[in-house]
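Taken in order, these protein sequences are the chains called A and B. In terms of my numbering, the first sequence opens at residue 1 and continues consecutively. In terms of my numbering, the second sequence opens at residue 1 and continues consecutively. Just so you know, even glycine gets a beta-carbon here, dropped at the ideal spot from N, CA and C. Computed from a prediction, not measured in an experiment: that's the story for all the values here.
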Amino acid sequence: SLKQKSLKSFFSKG
Amino acid sequence: MLEAKLAEAGTLKKLLDAIKELVTDANFECNEEGINLQAMDNSHVALVAVHLEAAGFKRYRCDRPMPLGVNLTSLTKVLKCAKDDDITTLKAADEADVLNLVYEAKNSDRIAEYDMKLMDIDSDTLGIPDTEYDARVTMPSAEFTRVVRDLSQLGESVRIEVSKEGVRFASEGEAANGSVLMKQTDDDEDTQAITIEMNQHVSLTFSLKYLVNFSKSASLCPRVQLMMSNDVPLLVAYDFGQGYIRYYLAPKIGD
């Protein structure tokens, strides 16, 4: 099954 | 202070329509180069980034950087009071808690003026890395709207696959499956063209409800670009004369 990833795991806090 | 005069209220209305279902509150970051907005949806799955260039306004003045914290539902209401072709001026004083909007009718002497409360918004701006994408698909924005809307009738997710053959959108639902293949066209200059630039085959799965939301930007721009690399967020980009609206969407990935 596929899990929805969060954008926070790809983009850093600026 | 900020003073930004737009040729038509319609541009702002369309922009609001394209973001208001994703985010409820957002900071309009104004500086001398223009107005920027970056906001994530509550579930942190999608991010929208808007840029309006200073040069795209009839008149633009912003003495120093200032964030305008806006409730998008309120702004939508205030913008409904403007006719699409009204000349629209946004004004805010430094440290102001009010945004002033003036609508001037193009062909009459009507001048309407509204004041809207601003709010303090704690926004954590995300750093979006510069990405070299493995595939870029450019297509008519209306076609993109249609394909995501059609497939959203069937299932929750869509698999987007880019190959030399073209771009395939596939969705599996409980009652029906569907797939749409859009082949690369020969004539790049045609406004109906579908162009594919690709370093390697990509295949990614996304939630359709977000894509349906993004596709509302078709009213701003006749073309859309989809940028993809395996296992990274999709970038859906609409560039219109005065700036851009870009959406990032986190993929669904196997455990």
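Along the segment 201-213 of chain B, the positions whose C-beta sits under 7 Å from a C-beta of chain A are Thr205, Ser207, read in chain order.
When DSSP assignments are scanned along the segment 72-110 of chain B, the uninterrupted stretches of beta strand (DSSP E) that are 3 or more residues long and fall wholly within it turn out to be 87-92, 98-104. The beta-carbon of His44 (chain B) is placed less than 7 Å from the nearest beta-carbon of chain A. With a beta-carbon spacing of about 14 Å, Val137 (chain B) and Gln192 (chain B) fall beyond the 8 Å limit used to define contacts.
For Glu53 (chain B), DSSP records a beta bridge to B:Gly34. For Asp255 (chain B), the residues of chain A that pass the 9 Å Cβ criterion are Ser1, Leu2, Lys3, in the order they occur in the chain.
According to DSSP, Ser163 (chain B) shares a beta bridge with B:Gly166. Against chain A, the CB of Ile128 (chain B) has a partner CB under 7 Å away; the residue lies at that interface. For Ile121 (chain B), the closest alpha carbon among the candidates B:Asp94, B:Ala82, B:Lys58, B:Val70 is that of B:Val70. For Tyr210 (chain B), the enclosing alpha helix (DSSP H) starts and ends at 208-214. Straight through space, the alpha carbons of Asp231 (chain B) and Ser141 (chain B) are spaced by roughly 24 Å. Taking all protein chains in view, the Cβ of Thr11 (chain B) is crowded by 16 or more other Cβ atoms within 10 Å, so the residue is classified as buried. Neighbourhood of Asp25 (chain B) in chain A, by CB distance below 7 Å: empty, with the nearest CB roughly 18 Å away. Within chain A, the residues Leu7 have their CB atoms less than 7 Å from the CB of Tyr248 (chain B), given in chain order. When C-alpha distances from Thr131 (chain B) are compared across B:Leu2, B:Tyr244, B:Pro233, B:Lys13, the shortest belongs to B:Pro233.
Straight-line spacing of the CA atoms in Asp115 (chain B) and Leu99 (chain B) works out to 6 Å.
Restricting attention to B:Asn199, B:Pro251, B:Lys252, the CA atom closest to the CA of Ala135 (chain B) is found in B:Asn199. It is roughly 18 Å from the alpha-carbon of Glu172 (chain B) to the alpha-carbon of Thr145 (chain B). Taking the beta carbon of Val232 (chain B) as reference, the chain A residues within 7 Å of it are Phe10, listed in sequence order. Nearest Cα to Leu22 (chain B) within the set B:Asn213, B:Asp97, B:Glu29: B:Asn213. Neighbours of Asp124 (chain B) in chain A, taken as residues whose beta carbon is under 7 Å from its own, are Lys13 in chain order. Burial check for Pro222 (chain B): the Cβ neighbour count within 10 Å stays below 16, so the residue is exposed. With a cutoff of 7 Å on beta-carbon distance, Val102 (chain B) and Val147 (chain B) are scored as not near each other.
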